[in-house]
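K.L.:
Below: one structure in structure tokens.
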Ligand SMILES: *Cc1c(COP(=O)(O)O)cnc(C)c1O
């Protein structure tokens, strides 16, 4: 039998090398792909190396080239090779990162790398950090700490008593907050219908005056959720003004900074991020801008005690140590995500992460300039970060068609979304290596799709005129 690790290594390298040529989006149908995986329930075992080879073979045509240089869909990082290699070791070591006793190295890698993380993000060093699966769970974890703290201040122990009969907690957030925040709130017993949505401006930024008025309207426990990096526009809620309102009302301020929080590495983006460090908690992703492999997110909480109280699990058989990662996460048994963070931060360094964020923002501005110079193409947002939304022609149909055309050509990939009632193309520049050449190729592909759509459009109207003739 060949070593299954060797098979995995060879296939992983093959995949990574294929990214240069691979179409960004697979073209195989779901039925054909299912058939590649399908078969009777396995009764008898087969050697692992054979099966790893078979797995790689089955999966290959259905893999999305999101770590490649031609993928601009959603907001997806590129799984940096240093972090992937660390992640392989993590799996091979088979460590349970819940408790120091289960894996002292996992605990210390998290402890040290979380200190680096706070320093790089310029957040208070007293914060506790929970290593979770992504920003949804990071929001959940931070908001659990918030729920604990704001209710404790009015004498209610939510961990013991739950929410039935509790003083009402107001939740306020911008109208353009990320949908996953509502999910996190629901998991915590805050129905999504009870959330007070604060009006936003054209870019999706919360209007801080409107927040101030809303907070003034009632007293009592309140949690305000601000956003650093709107999913379509990349816009930031005004941190300083929001922080001031929250301080005045003793409201807990939480920041959803899934990708935007990384802008804090760049002094030239200070106008976007200033004041965010005055919050009580922050959620961010590891698997977006930081390029950690899936899944990875960080729940950062200033009041480590509230964080601990919200996540506490204890039993006589669970030994406790000075630093147990599970104090800060919803899970007990858990993947040791600190190894990948440690390896990535050491590989890139603060400088490397900053250079990448800066390069992506520069690429976004460059793409915006090229597109905006083309008649009939409109960049809808102020490009302040790495996100663009683009509109083609006069109606939704044109924009739909340009996206469809781009995806048919399958040289570069972007998707669409509805923004302010209109269909737009969304472009996210976030995969590690992206640079000017990739932006040129993307701009060419988008403009080619636009020209094709225009000529199809005039062909269609010519045909429809002819059809209308008697
Ligand atoms: C992606 C994103 C989330 C959700 O993050 P996951 O890692 O997918 O759980 C939340 N908020 C914002 C602003 C995001 O961009």
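Residue numbers (the numbering used here): 673 to 1142.
In this text, a Cβ means the ideal position worked out from N, Cα and C, and glycines have one as well.
1) Output yes or no for whether 8 Å exceeds the beta carbon distance between residue 1103 and residue 741.
2) I'd like the list of long-range same chain contacts for residue 926, defined as Cβ closer than 8 Å, with 5 residues on each side in sequence excluded.
3) At 4 residues or longer, and completely inside the stretch 735–772: list those alpha helix (DSSP H) runs for me, N to C.
4) Please find out if some non-hydrogen atom of ligand 1 comes closer than 7 Å to the beta-carbon of residue 807.
5) Can the beta-carbon of residue 699 be found closer than 8 Å to that of residue 1082?
6) Do you know offhand how far residue 879's Cα is from residue 947's?
7) Counting only the same chain and skipping the five closest in sequence on each side, list residues whose C-beta sits under 7 Å from that of residue 821.
8) Could you give the DSSP three-state label for residue 695: helix, strand or coil?
9) One question on the structure: do residue 771 and residue 1045 come within less than 8 Å of each other, judged by their Cβ atoms?
10) Would you check if there are 3 or more beta carbon pairs closer than 8 Å linking the stretch 738–754 to the stretch 1084–1101?
11) Say yes only if the C-beta of residue 931 is nearer than 7 Å to one or more non-hydrogen atoms of ligand 1, and no if none qualify.
12) Tell me whether residue 1140 sits in a helix, a strand or coil according to DSSP, three-state version.
13) I want to check one thing, is the minimum distance from the CB of residue 899 to the heavy atoms of ligand 1 below 7 Å?
14) So residue 842 packs on residue 796, CB below 8 Å; how close in whole Å?
15) What are the partner residues of residue 868, as DSSP defines its beta bridges?
16) Can you check whether the CB of residue 1000 is closer than 8 Å to the CB of residue 944?
17) Should residue 843 be counted as a contact of ligand 1 given a C-beta to heavy atom distance under 7 Å?
18) By the three-class DSSP mapping on this structure, what secondary structure does residue 673 have?
19) Counting only runs that start and end within the stretch 798–851, where is the beta strand (DSSP E) found for 3 or more residues in a row?
20) The alpha helix (DSSP H) with residue 880 in it runs from where to where?
21) Can you tell me whether residue 928 is buried or exposed, with buried defined as 16 or more other CB within 10 angstroms of its CB?
22) Do residue 652 and ligand 1 come close, with the Cβ less than 7 Å from some heavy atom?
23) Rounding to the nearest angstrom, what Cα-Cα distance links residue 863 and residue 718 in this structure?
24) In angstroms, rounded to a whole number, what distance separates the CA positions of residue 984 and residue 804?
25) Beta strand (DSSP E) containing residue 969: first to last residue?
26) What separation, rounded to the nearest whole angstrom, lies between the Cα atoms of residue 914 and residue 689?
27) Scan the stretch 956–1013 and note each continuous beta strand (DSSP E) run of 3 residues or more that stays entirely inside, going in chain order.
28) Spatial neighbours of residue 691 within its chain, please: C-beta separation below 8 Å, excluding the five flanking residues on both sides.
29) Can you give me the C-alpha to C-alpha distance between residue 1139 and residue 1125, rounded to a whole angstrom?
30) Kindly list the residues whose CB is nearer than 7 Å to the CB of residue 785, restricted to its own chain and excluding five residues on each side of it in sequence; keep chain order.
31) For residue 1088, write down the residues that DSSP places opposite it in a beta bridge.
32) In or out: residue 765 buried (at least 16 other Cβ within 10 Å) or exposed?
33) Between residue 836 and residue 887, is the Cβ-Cβ spacing less than 8 Å?
34) Beta-carbon within less than 7 Å of residue 1032's beta-carbon, same chain only, minus the 5 sequence neighbours each way: which residues are those?
35) Ligand 2 and residue 759: does any heavy atom of the ligand fall closer than 7 Å to the residue's C-beta?
36) If residue 752 and residue 963 are in contact, beta carbons under 8 Å, what's the gap, nearest whole angstrom?
P.N.:
So, from the data block:
1) Cβ distance < 8 Å, so residue 1103 and residue 741 count as in contact.
2) Leaving aside the five residues that flank residue 926 on each side, the residues in its chain whose CB is nearer than 8 Å to its CB run, in chain order, 811, 814, 815, 818, 895, 896, 897, 898, 951, 952, 953, 954 and 955.
3) Within the stretch 735–772, complete alpha helix (DSSP H) segments of at least 4 residues are found at 753–765, given in chain order.
4) Look at residue 807: its beta carbon is less than 7 Å from one of the heavy atoms in ligand 1.
5) Yes.
6) Distance between the alpha carbons of residue 879 and residue 947: 15 Å.
7) The beta carbon of residue 821 is closer than 7 Å to those of 924, 975 and 978 in its chain, skipping five residues each way along the sequence.
8) The answer is coil: DSSP assigns residue 695 none of H, G, I, E or B.
9) Contact flag unset, no.
10) Contact between the stretch 738–754 and the stretch 1084–1101 is established, with three or more Cβ pairs separated by less than 8 Å.
11) True, at least one ligand heavy atom lies under 7 Å from that Cβ.
12) Low per-residue confidence applies at residue 1140: pLDDT is 46, beneath 50, and the placement is therefore not dependable, though the value from the model is reported in the following sentence. When DSSP states are grouped into helix, strand and coil, residue 1140 belongs to the helix group.
13) Yes, since a heavy atom of ligand 1 falls inside the 7 Å radius drawn around the Cβ of residue 899.
14) Residue 796 and residue 842 do not touch by the CB rule: their CB atoms are close to 25 Å apart, not below 8 Å.
15) Beta-bridge pairing links residue 868 to 844.
16) No, they are not a contact pair.
17) Ligand 1 never approaches residue 843 closely enough for any of its heavy atoms to be under 7 Å from the residue's Cβ.
18) Residue state, collapsed to three classes: coil.
19) Runs of the beta strand (DSSP E) lying entirely within the stretch 798–851 and spanning at least 3 residues, in chain order: 800–804 and 842–846.
20) Under the DSSP assignment, residue 880 falls in the alpha helix (DSSP H) whose first and last residues are 880–888.
21) Within a 10 Å sphere around the beta-carbon of residue 928 sit 16 or more other beta-carbons, which makes this residue buried.
22) With the chain running from 673 to 1142 in the structure shown, residue 652 is simply not present.
23) Their Cα atoms are separated by approximately 49 Å.
24) Between the alpha carbons of residue 984 and residue 804 lies a gap of roughly 15 Å.
25) That run of the beta strand (DSSP E) goes 969–973.
26) Going by the C-alpha atoms only, they are around 46 Å apart.
27) Fully enclosed beta strand (DSSP E) runs of 3 or longer: 969–973.
28) The beta carbon of residue 691 sits closer than 8 Å to those of 737, 739, 740 and 741, all from its chain and outside the five residues before and after it, given in chain order.
29) At residue 1139 the pLDDT is 47, less than 50, meaning the model places this residue with poor confidence; the figure from the coordinates comes in the next sentence. Separation of residue 1139 and residue 1125 (C-alpha to C-alpha, rounded to the nearest whole angstrom) is 20 Å.
30) Cβ within range, chain order: 1010, 1013, 1014 and 1017.
31) 1097.
32) Using a 10 angstroms sphere on the CB of residue 765, the tally of other CB atoms stays under 16, which defines it as exposed.
33) For the 8 Å CB-CB criterion, residue 836 and residue 887 do not form a contact.
34) Excluding positions up to five away in sequence, the list reads 1058, 1101, 1102 and 1106.
35) Here the bound small molecules are ligand 1; ligand 2 is not part of this structure.
36) 4 Å between Cβ atoms; contact.
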